[in-house]
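First up is the structure itself, then whatever we jot down about it.
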Amino acid sequence: MLFEWINRISKLHNPLRPPGAVKEHEFVDTCIRCRKCEEVCPYQSIKMLNGVHGTKMGTPVIISRETPCYLCEDFPCVDVCPSDALRQVKTNKDVKMGIAKIDKDTCFAFNGILCRACFERCPIYREGIVMENQLYPKVQEEYCVGCGICENVCPTENGSIFVESRHPIVV
Amino acid sequence: MMNNFTSNIHYFRRISQVLAIGLIIIIPFSNLLGIHWVSGTLYSMSFGSLDFSDPSLILQTLVLVKKISLPFFISGIIPLLLAMFLGKVFCSWICPFHLLSEWAYKLIKKIKKISSTANKNPKRNFNLVIFFGLLLFIFLSEVPIFSLVSLPGIISSQVADLVIIRTLGIEIFIIILVLLLEMFSLSRFWCKYACPVGLSLGLTKFKNSLSIVCDSSKCGKCPQRKQNPCKTACSFNLNPKELGIYPVCNNCIECVSVCNENNGALQLTFNLVKKTNIRNKNNNHNKGE
């Protein structure tokens with residue numbers, strides 16, 4: 051159980067923050083842990099880190115394999131943030147939460163099975179993910195917003211496309 | 138009318154505290170149902186477009202991030218203004234930890250005897266020193282400790298967790314630890330000296346804040362004066378007969394209520410200086426006789 055905990059914590063070392071989040075090291079200082087974003091999220095995509103995560107306790111994350119961010123039109127989470135830890139984003143293309151990375155070893159498309167799940171469901175359609183040669187999905191880093199819908203819909207067992215934070219702290 | 142109010146104050150205060158707990162339970166439920174008119178926890182709460190934030194977090198943000206948005210700043214000023222006129226009533230009338238701590242104190246009082254004759258008022262700037270010491274620590278260590286140890290905030294967010302995801306985090310142990318410490322060694326230390334919310338709300342205390350003052354011409358004639366009813370009523374172990382109960386005292390008014398049943402020497406006033414002057418005059422007059 052302890053091992054599982056450590057695993058989960060290290061995985062969430064640079065967690066995926068809600069839309070409009072400031073850079074990770076600034077986010078921990080700016081977020082006041084009020085949970086308004088969690089409460090207004092219409093899809094309950096935003097979860098809260100608990101005390102196990104030390105100083106990141108009570109800060110919001112998106113665990114896209116469970117529930118990704120569906121990029122609401124009016125971004126209620128950004129609206130409601132009192133401390134400007136989540137800042138103004140106007141359209142869904144302004145959101146830069148993270149970047150999707152494809153694991154080519156397990157991805158169906160790279161292993162001879164025809165699969166377009168991530169391409170079809172990407173909200174930045176035909177820009178965030180393109181199909182090279184009509185067969186292989188490729189993430190376009192300058193357009194990908196990191197909403198995590200691709201990670202959520204990926205049909206492989208543990209998922210073959212993962213969203214990582216745009217502002218990782220390297221230790 | 139006023140007498141009626143002060144003698145029933147204990148019940149009014151309990152009702153207010155229980156309503157506050159009701160509110161922090163209702164907020165996550167109503168938000169789950171899609172009603173977002175009131176949202177947040179005791180770190181920061183919004184009613185419609187009106188925001189209230191914990192003022193210690195405003196100072197923490199200023200120290201850590203060095204810039205702040207105007208609406209956030211204003212949302213922290215509102216509670217400070219309230220505290221400026223009514224004292225730290227947030228602590229005694231709303232804070233859920235204060236209620237837990239009071240019950241823990243009552244419980245331990247039944248088990249071991251706590252003497253109230255030794256009640257003493259702390260040094261005047263003690264709380265200021267602690268608060269700015271903590272701010273300096275935040276500045277140097279860059280750890281947002283005010284958001285990590287704000288117990289009313291932790292309690293209300295744990296309640297939200299319980300409602301929304303049906304689990305509790307390990308931060309619940311912080312609350313249990315502080316309660317145990319308060320019960321077995323440092324009586325009520327958290328509310329008196331350590332809580333960042335209370336410390337920051339005590340910053341705006343000035344001479345026209347609502348204060349408890351003792352009219353010494355009436356005091357001393359009370360039938361139970363040997364037992365010191367006002368000192369016994371004070372769960373903070375202060376001595377309301379002397380000056381200097383502020384900024385630790387949070388106007389729970391238990392002492393005034395108890396005194397009111399005897400002879401009403403303890404009174405509430407918005408003008409501490411004037412009342413104290415009168416008191417001093419009376420003292421001199423008594424000495425002259």
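Chains as they are written, first to last, in our numbering: chain F, 51 to 221; chain U, 138 to 426. C-beta atoms are modelled at their ideal positions from N, C-alpha and C, and glycine is treated no differently.
Chain-order list of residues whose beta-carbon lies under 6 Å from that of residue i (same chain, five-residue window excluded)
i	result
U:ASN400	LYS355, LYS358, CYS359
F:SER215	ASN64, LEU66, GLY148
F:SER133	THR80, ILE82
F:CYS157	SER210
U:ILE158	PRO233
Per-residue contacts from residue i into chain U (C-beta, under 7 Å)
i	result
F:CYS84	GLY177, THR178, TYR180, SER181
Pair within 7 Å by beta-carbon distance, residue i and residue j
i	j	result
U:MET221	U:THR341	yes
U:SER212	U:PHE189	yes
U:LEU161	U:VAL296	Residue 161 of chain U is actually Ile in this sequence, not Leu. In contact: U:ILE161 and U:VAL296 (Cβ atoms closer than 7 Å).
F:VAL213	F:GLU201	yes
F:PRO68	F:LEU136	yes
U:VAL202	U:ILE275	no
U:PRO281	F:ASP79	yes
F:VAL130	F:VAL139	no
U:TYR330	F:CYS84	no
U:VAL226	U:ASN388	yes
F:VAL111	F:LEU121	no
U:SER337	U:PRO192	yes
U:LEU223	U:LEU347	yes
U:CYS386	U:ALA370	no
U:ILE390	U:ILE146	yes
U:PRO256	U:ASN374	Here residue 256 of chain U is Asn; the residue named in the question, Pro, does not match the sequence. Yes. Within cutoff.
Classification of residue i by the beta-carbon crowding that lies within 10 angstroms, buried from 16 upward
i	result
U:THR304	exposed
F:MET55	This sequence places Trp at residue 55 of chain F; Met is not what is there. Exposed: under 16 other Cβ atoms inside 10 Å.
U:GLN364	exposed
U:TYR383	buried
F:ASP124	exposed
U:ALA402	buried
U:LYS204	exposed
F:THR141	exposed
U:LYS368	buried
U:ARG325	buried
F:PRO92	exposed
Per-residue contacts from residue i into chain F (C-beta, under 9 Å)
i	result
U:ALA297	ARG85, GLU88, GLU89, MET98
Per-residue contacts from residue i into chain U (C-beta, under 8 Å)
i	result
F:VAL78	PRO281
Chain-ordered neighbours of residue i on chain F, where CB pairs are closer than 8 Å
i	result
U:SER212	PRO132
U:SER278	Within chain F, no residue comes near U:SER278; the closest Cβ sits about 10 Å away, beyond 8 Å.
Amino acids of chain F, ordered along the chain, whose beta-carbon sits closer than 7 Å to that of residue i
i	result
U:PHE209	PRO132, SER133, ASP134
U:THR198	THR80, SER133
U:VAL202	GLU76, ASP79, THR80
U:LEU194	ILE82
U:LEU285	THR105, MET107
Residues near residue i in its chain [Cβ-Cβ closer than 8 Å; skip 5 each side]
i	result
F:ARG166	ALA159, MET181, PRO187
U:SER287	LEU179, TYR180, ASP191, SER193, LEU194, CYS332, PRO333, VAL334
Close Cβ partners of residue i (< 7 Å) along its chain, the five nearest in sequence each way excluded
i	result
U:ARG261	GLY381
U:ILE245	MET320
F:VAL203	ALA167, CYS168, ARG171
F:GLN94	THR117
U:VAL155	none
Near-chain F residues of the segment 172–189 of chain U - C-beta to any C-beta below 8 Å: Those residues of the segment 172–189 of chain U that come within reach of chain F (Cβ to Cβ, closer than 8 Å) are HIS173, SER176, GLY177, THR178, TYR180, SER181, MET182, SER183, ASP188.
Residues of the segment 124–151 of chain F whose Cβ lies closer than 8 Å to any Cβ of chain U, in chain order: Of all residues in the segment 124–151 of chain F, PRO126, VAL130, PRO132, SER133, ASP134 have a Cβ within less than 8 Å of some Cβ in chain U.
Positions along the segment 87–119 of chain F whose CB lies within less than 8 Å of some CB in chain U: Taking 8 Å as the upper bound on Cβ-Cβ separation, chain U lies near residues GLU88, GLU89, VAL90, PRO92, GLN94, LYS97, MET98, ASN100, GLY101, VAL102, THR105, MET107, GLY108 of the segment 87–119 of chain F.
Interfacial residues, the segment 298–312 of chain U to chain F, with Cβ spacing under 9 Å: Per Cβ criterion, the list reads ASP298, ILE301, ILE302, THR304, LEU305, GLY306, ILE307, GLU308, ILE309, PHE310, ILE311.
Against chain F: residues of the segment 150–166 of chain U by CB proximity under 9 Å: Those would be ILE164, PRO165, in chain order.
Cβ-based contacts, 7 Å cut-off: residues of the segment 350–382 of chain U near chain F: Taking 7 Å as the cut-off between beta carbons, none of the residues of the segment 350–382 of chain U comes near chain F.
Chain-ordered residues of the segment 321–339 of chain U with a beta carbon less than 8 Å from chain F: Within the segment 321–339 of chain U, not one residue has a Cβ closer than 8 Å to any Cβ of chain F.
Residues from the segment 213–238 of chain U in contact with chain F, defined by Cβ distance under 7 Å: Cβ contacts with chain F come from no residue of the segment 213–238 of chain U.
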